[in-house]
Amino acid sequence: AMLVASCSSPKEEAAQPRSEFDIGWSIYAGWMPWPYAQQAGIVDKWAKKYDLKINFVQVNDYVESVNQYTAGKLDGVTVANMDALTIPAAGGKDTSAIIVGDYSNGNDGILLKGTDQLSAIKGRDVYLVELSVSHYLLARGLESVNMPLSDVNTINTSDADIAGTFSSPDISAVVAWNPQLSTMAEQPDANLVFSSADIPGEILDLLVVDTATLEANPNLGKALAGIWYETMGIIMEDSEQGQEARAAMAKLAGTTPELFEQQLSTTYLYGKPADAVAATTSPDLITTMTRVRDFSFAQGLFGQGARSADAVGMSFPGGKTLGDEQNITLRFDDTYMQMAADGAL
Amino acid sequence: MRWVNRKVGRTNAFIMGAIPIVLLMIVYLVLAGDRHAINPNDKILPLPSGMVAAMSDLVTQPDRLSGDYLFWSDTLSSLTRLFIGLGISTLSALLVGLVLGVLPPVRATFGPLVTGIAVIPPIALLPILFIAFGLGETAKVALIVIGIAPFMMRDIAAHIAALPREQIIKAQTLGASSWQVMIRVALPQAMPRLIQALRLSLGPAWVFLISAEAIAADSGLGYRIFLVRRYLSMDIIIPYVAWIALLAVAIDLLLTFSSRRMFPWAHGGDR
Amino acid sequence: MRWVNRKVGRTNAFIMGAIPIVLLMIVYLVLAGDRHAINPNDKILPLPSGMVAAMSDLVTQPDRLSGDYLFWSDTLSSLTRLFIGLGISTLSALLVGLVLGVLPPVRATFGPLVTGIAVIPPIALLPILFIAFGLGETAKVALIVIGIAPFMMRDIAAHIAALPREQIIKAQTLGASSWQVMIRVALPQAMPRLIQALRLSLGPAWVFLISAEAIAADSGLGYRIFLVRRYLSMDIIIPYVAWIALLAVAIDLLLTFSSRRMFPWAHGGDR
Amino acid sequence: MSALLSLRNIWVEYGEKVVLENVSLDIEDRSFVSIIGPSGAGKSSLLRVVLGQEVPTRGKILLDDTPLPPECGPDRGVVFQRYSVFSHLSVRKNVMFGLECAQAPFTARLFGARRRAAQEEAEEMLHAVGLGDAMDLYPSEMSGGMQQRLAIAQALIKRPRILLLDEPFGALDPGIRADMHALITRLWHDYALTVIMVTHDINEAFSLGTRVLTLDKRRHDPHAPHRYGATAVYDLPLDRKEKPADLAADAAQSPGGNVDAATASSPSSITIDKDHNN
Amino acid sequence: MSALLSLRNIWVEYGEKVVLENVSLDIEDRSFVSIIGPSGAGKSSLLRVVLGQEVPTRGKILLDDTPLPPECGPDRGVVFQRYSVFSHLSVRKNVMFGLECAQAPFTARLFGARRRAAQEEAEEMLHAVGLGDAMDLYPSEMSGGMQQRLAIAQALIKRPRILLLDEPFGALDPGIRADMHALITRLWHDYALTVIMVTHDINEAFSLGTRVLTLDKRRHDPHAPHRYGATAVYDLPLDRKEKPADLAADAAQSPGGNVDAATASSPSSITIDKDHNN
Ligand SMILES: Nc1ncnc2c1ncn2[C@@H]1O[C@H](COP(=O)(O)OP(=O)(O)OP(=O)(O)O)[C@@H](O)[C@H]1O
Ligand SMILES: Nc1ncnc2c1ncn2[C@@H]1O[C@H](COP(=O)(O)OP(=O)(O)OP(=O)(O)O)[C@@H](O)[C@H]1O
Ligand SMILES: [Mg+2]
Ligand SMILES: [Mg+2]
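Protein chains in written order, with my numbering: chain D, 1 to 345; chain P, 346 to 616; chain S, 617 to 887; chain W, 888 to 1165; chain B, 1166 to 1443.
In structure tokens form, the structure reads like this:
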């Protein structure tokens, strides 16, 4: 009973102004600036400015971090666009994506053993985290060689263990993201046959927050945008300070600076707020999200209630929407990125 | 009448046992109702109607891709793995436990090794396991076996080593050799304990099965739970967990029952 | 002399127990050497030199960011969680096991519930658990408790229920009430068994601790293992696993020893 | 009826097997009933029923004319046939257990002066049964006879109204046995106990008892030996003060079955033991 | 030395406590040695040492002039003081166990004709101890005396060279006890057994034994009762054919300690029992 009772407490009473917030993060190249900012004091600086307290909470398991956010234990979380749609948004949690941090530009990829042709994947057992962006990437990859998903047999594999499993000789096809991807790519007979660099801008890494909380506390959005873009300024520098910052992030991610630089090189960071605003307001985003939601719906990720791909509504800057307008639960919101671009923070 | 002496009849026991379970269910329903009143799409505490809707597809509709009834094929794969794993563990526990329990030199030699293996959390060994066994069914069964067999071996060995010394002496005065002591004195008396150990291992066995299925699988109850965890489909997770509990309780009852049937002498105190 | 009767002295036992462990190590070294001969960068079976190099930083260098010696702070966090979890489990197992074992009506009412909880694999509950208890230490300790306490409760309850009926009768003829039977007859006789159950639960407790740390933590032995698993850093994983095994064996020995010291009457058969 | 304990048409059956068949008895307050009978006749079963450990399949038991609750209590003490003492308590604590339960309902442990008093009482009782040297041993460190004496001390210290003894002196040597006879007789007198004792020693049965009861089968079906149960085939009240030797001898001769074969062949041993006891 | 079994300066100690002190004995082939002595004297300990279950702290044991290996074997059968039978085997199987072990070294089970033969032999033995009706019971379903008889049958069926009995007839009623006396005497004669029997029944000791051994402490330090152990204070060979009554009576009177108090007060009971046995 205690178990059930404690998860019913965080009701939608978040609508009052508050001063303390928890933001979840998990280890991924595009999200490492957040813990770095916390360590470097950037978070405190901006929080103080708006009279807030912001805690960045590490969750080792990515899915768990998103689940925690959906359950209301976290006010915001770092998440990929597809998971933002299928987990909190499909669960009826009104979510705003306020920072579009980067897109994967080779950080996700398909590895095959013994061939460098994607088409050779036909009929193989493919190991991947099912229903994740890897699955989406696989679908897009197969599309590029005119194969339906049913041409391969997918086997769900946990992301932490996928690196270990690939060294087993009976596994010849995997889809994964970094750092596992680069760990596996080191194997002598592994070939990267398709990667997110082939579908630029489709796998986006976001920071999302609860819409009601944001409406009641617009300062939270301002502080987060301030933190992010100040951090971007440091880590994208080629200076010694930038190098040190990247080394610190590498350490936080449990890896070496060299490997981390390699991961960053396949991550397209929107370093300038204006770039991020441009990406968010571009009609390409609507195209991407249409693809993503069609894929998600086809995989049954909207749950039983959903009768069509339109079941979950999304909104974009400029009042554009996609899907059910009565049930908009995922909002791409460029307000705070715009403020950062305008230097209005 | 003192509480120690109150016997409870079968029917009463059934009713009394059901009470707390039913109460828990009611608490759940109230809480779930509350949450749904606020957010009708709430995923965290689904209502029974939602669970039925989510499950009915899995139970009654063949999957578009494979043509399987997913729920049943999941159950079948998991039970197959479970039973193979349990079977191997039980057999090896019996053999090793017997030898360790009866023969002190063997116990001295291999006891520490078994203890060592028993205390190493198999979850931490997963990468090594995959390399050794690949990713197929072998690895899953192996995880179950590595997870529970050492525990069972230790339990059986300890039980046998604790048999009254007089029994072993007695058997020897009746002409029994080490081997005969093992098969005629230790083995039969280890059997009820083996069933008991098996019952206690059921929980961990499921844990390891689910962990294995969470790591790499394309069917199975654990696979489904971890798959749908990706989008927080509690309407599938909760029925699956309940189903696992039901299966486990059924196996548990079956084991208790067969122990009573097969080894009545070991249950004299129960009447 | 028959094998059943061969007693093994302390020193001999130590040497004999070490043999298979040393043999295993040698096998590992040979295999690792082979692999490194083919691929000097092999990550899967690191050589001891590689492990020492990888570990020395963690053990002897303070972390630049936090100033902690990572290996030791990991050990501390994990042991803290483990001990809190074990403590709560032991205490509740004793209380619940005692009440269930001694009082048939309570057993009838709550026995099925405890069995039900015991057979539900806690891993399947992970999604629910973290949502219920959040990301703090509570959830990790709760996973350990949910994972092992029901098992221990059942074990203690079964042990107490199997105490010779004559003892309970005897105590009552000496004027003992239900309560007095509980604290003076059942409790002391449950204590050695409790320690035994605790020993058997150590393995599962580590499994649950590591699983919990794998999902949500920022320090701990399990956290580190899962962190570096992404990079297949077996040169860190293997020493960590060995360290866990060492800790577990040490706890096991400590428990055995204290049981012998505190309850000599329960170990009469061992001399 | 002024009987302390009345058994009315008691039957004890285990599944098909009838062990006791229609046993009816009235036991007077302050009497000392010896029960004899062949091995397996159901003597222990009868004690278990009186103790409340087992519920008879048919019939009822009245204590002070009220039905006996189907549980045992401190009014009835017992020494089991297989010595059952608490293996986790030392000898002294085994004996103190009864005192502690009575005086400390909540903690079941005594402290300070009351503890010392209880300890002294226990030690006195232990000296009486000849275990003065073994106070701090655990039961597993004692010989069979010592454990038996411990069980006796444990039961006697409570001075129960009804004391049930199942072959209490079987594992004792004649010297200690004589001491125990004296002890039990003294306590029986001093504390107005009612004693029911099962024994295989016919001398003992007659020398201690005020009444001797023989349990045996009346009928025997050779093809289905479990068909018929035992009952009290012979019930002989003895007047303690002037028990005539020949009456005792008569009694020993009359019961059917094995018992009489043995007793008939050694009639004079009864006479002797009577001498020994007064 | 033509002794079958020789004990040379045997000491048994448990930690500080000396139980047996310097016991030296020679036991002839085909003799029947009765051991008596007060409870806790160390009679069972002595049997355990001869059995090979326990290793004496000092001294050595020779069997046929070769040192006894520190383990027990089928040449020495035993009936323990606390009846120890296999609770997982039925009565019949308990008795067949010894035959099966001898005839089927590998499976320890017999089949076909040999099984039937073993079964018949077991049943015959069970009839002899009066358990003909209880063949299919499990030990937990039997009375104390029945379990004791089962243990006796189990040991006797092997016809061991040396048979060790620890109060074997304590839980039996006089009728069955007499039957058992006859049975053991017959087997002892027919199979040339050597028997060592502990008993508390002095009549039994003298009527069955060819030699009676009294175990007791020679010295006693009241402040440290564990300082001194027991030894054979009295060792009396009896000539079976013409054992004089007064010698037996003498023997019973001489040993120190408790034993003599009891036996002295009932000298004539020995005489009587002698009658009963011939
Ligand atoms: N395991 C043990 N540890 C310590 N002392 C022991 C142990 N076993 C036996 N003793 C002591 O050894 C002594 C002799 O015991 P033993 O069982 O041989 O006596 P016994 O002569 O057979 O007595 P009884 O007639 O009562 O059976 C006893 O005083 C007992 O306290
Ligand atoms: N649990 C049981 N199940 C079946 N039969 C039983 C059970 N307990 C006792 N009996 C039977 O009941 C009968 C009487 O047993 P009980 O112990 O009362 O005998 P007893 O007169 O005390 O014998 P003894 O003198 O040998 O102790 C025995 O024949 C025994 O087989
Ligand atoms: Mg009896
Ligand atoms: Mg003895």
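Glycine included, every Cβ here is placed at the ideal spot set by N, Cα and C. Computed from a predicted model, the values in this text were never measured in an experiment.
G763 (chain S): not part of any beta strand (DSSP E); member of the alpha helix (DSSP H) spanning E753 to A777, first to last residue. Using beta-carbon distances, E1236 (chain B) counts as an interface residue toward chain S, with a partner under 8 Å. About 6 Å separates the beta carbon of L790 (chain S) from that of C988 (chain W), a gap short enough to meet the 8 Å contact definition.
Burial check for I514 (chain P): the Cβ neighbour count within 10 Å reaches 16 or more, so the residue is buried.
Taking a contact to require three or more Cβ pairs closer than 8 Å, the region 518 to 536 of chain P and the region 402 to 413 of chain P do not qualify as touching. Contact between D563 (chain P) and I155 (chain D) holds: CB atoms are separated by about 5 Å, below the 8 Å threshold. I513, Q517, S522 and S523: these are the residues of the region 512 to 523 of chain P whose beta carbon lies less than 8 Å from some beta carbon of chain S, given in chain order.
Collapsing the DSSP output to three states places N156 (chain D) in a strand.
Neighbourhood of M1033 (chain W) in chain B, by CB distance below 8 Å: S1204 and G1205, in chain order. With the criterion set as a beta carbon lying under 8 Å from some beta carbon of chain S, the members of the region 930 to 949 of chain W are L938 and Q940, in sequence order. A550 (chain P) places its beta carbon 8 Å or farther from that of G461 (chain P).
For E1178 (chain B), DSSP records a beta bridge to B:V1183. Taking 8 Å as the cut-off, the beta carbon of K1104 (chain W) is found no closer than this to the beta carbon of A1119 (chain W). For G1062 (chain W), at least one C-beta of chain B is nearer than 8 Å to its own C-beta.
Put simply, of D:G313, D:W46, D:Y28 and D:N191 the residue whose alpha carbon is nearest the alpha carbon of T115 (chain D) is D:N191. R569 (chain P) is outside the set of residues whose beta carbon lies under 8 Å from a beta carbon in chain B. P317 (chain D) and Y268 (chain D) have their C-alpha atoms some 22 Å from each other. Unbroken alpha helix (DSSP H) runs of no fewer than 4 residues, entirely contained in the region 128 to 215 of chain D, are found at 133 to 144, 162 to 166 and 180 to 185, following chain order. Here F630 (chain S) is exposed. Its C-beta has fewer than 16 other C-beta atoms within 10 Å. Residues close to ligand 2 by the beta carbon criterion (under 5 Å to any non-hydrogen atom) are, from first to last along the chain, W:Y901, W:V906, W:S926, W:G927, W:A928, W:G929, W:K930, W:S931, W:S932, B:E1306, B:M1307, B:S1308, B:G1309 and B:G1310. A Cβ-Cβ separation of about 5 Å places V208 (chain D) in contact with A97 (chain D) under the 8 Å criterion. For I637 (chain S), the three-state secondary structure derived from DSSP is helix. Between ligand 1 and the CB of G1019 (chain W), the shortest heavy atom gap is not smaller than 7 Å.
Taking the CA atoms as reference points, G271 (chain D) sits about 22 Å from M82 (chain D). Apart from sequence neighbours up to five positions away, the residues of its chain that approach H381 (chain P) with a beta-carbon distance below 7 Å are D387 and L392, ordered along the chain. Any Cβ of chain D closer than 8 Å to the Cβ of I642 (chain S) would place that residue at the interface, and such an atom is absent.
Taking 8 Å as the cut-off, the Cβ atoms of P720 (chain S) and K352 (chain P) count as close.
The closest heavy atom of ligand 3 lies less than 7 Å from the beta carbon of Q968 (chain W). Judged by their CB atoms, V292 (chain D) and Y136 (chain D) are nearer to each other than the 8 Å cut-off.
The nearest non-hydrogen atom of ligand 3 is less than 7 Å from the C-beta of D1053 (chain W).
Counting only residues of its own chain and dropping the five nearest sequence neighbours on each side, L1052 (chain W) has a CB closer than 6 Å to the CB of V966 and M1084.
The continuous stretches of alpha helix (DSSP H) do not include V59 (chain D), and DSSP gives it neither H nor E. Around the Cβ of F602 (chain P), a 10 Å sphere holds fewer than 16 other Cβ atoms; the residue is exposed.
In this structure, P:W417 is the residue among P:L436, P:W417 and P:H612 with its C-alpha nearest to the C-alpha of L403 (chain P).
By the rule that beta-carbons nearer than 8 Å mark a contact, N655 (chain S) does not touch chain B. When secondary structure is reduced to three states using DSSP, P1124 (chain W) falls in the strand class.
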